[in-house]
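Below is one structure, written out as structure tokens, with a few remarks after it.
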Amino acid sequence: MIIFAVINNFLEDIPVSNVARFEKELFRFVDENYPEVSKKILAAEDFSSDLTNAIVEFKKKFVVEA
Numbered sequence: 001m002i003i004f005a006v007i008n009n010f011l012e013d014i015p016v017s018n019v020a021r022f023e024k025e026l027f028r029f030v031d032e033n034y035p036e037v038s039k040k041i042l043a044a045e046d047f048s049s050d051l052t053n054a055i056v057e058f059k060k061k062f063v064v065e066a
């Protein structure tokens, strides 16, 4: 998931010091709110639009810390 986020420029506005927390919280958010994404990734199905939607929603809630 994090590689997808990086490749698709979702981390452009996330400071390097926040990337590890972003990754950890993104995994938790997707597992809790978009469980079908993890299943699609494991099944090698097309997940890009579902994961894009999940990341967009997650970024609205993610707070960057100084």
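Under UniProt numbering, think of the first position of the sequence shown as 1, with each following residue one higher.
Note that the Cβ used here is the ideal one computed from N, Cα and C, for glycine as well.
Judged by DSSP secondary structure, VAL19 falls within the alpha helix (DSSP H) whose first and last residues are 16-33. Using a Cβ-Cβ distance cut-off of 8 Å, the region 50-57 and the region 15-23 are not in contact, since fewer than three pairs of beta carbons, one from each stretch, lie closer than that value. Judged by DSSP in its simplified three-state form, GLU12 adopts coil rather than helix or strand. Separation of VAL37 and ILE7 (C-alpha to C-alpha, rounded to the nearest whole angstrom) is 17 Å.
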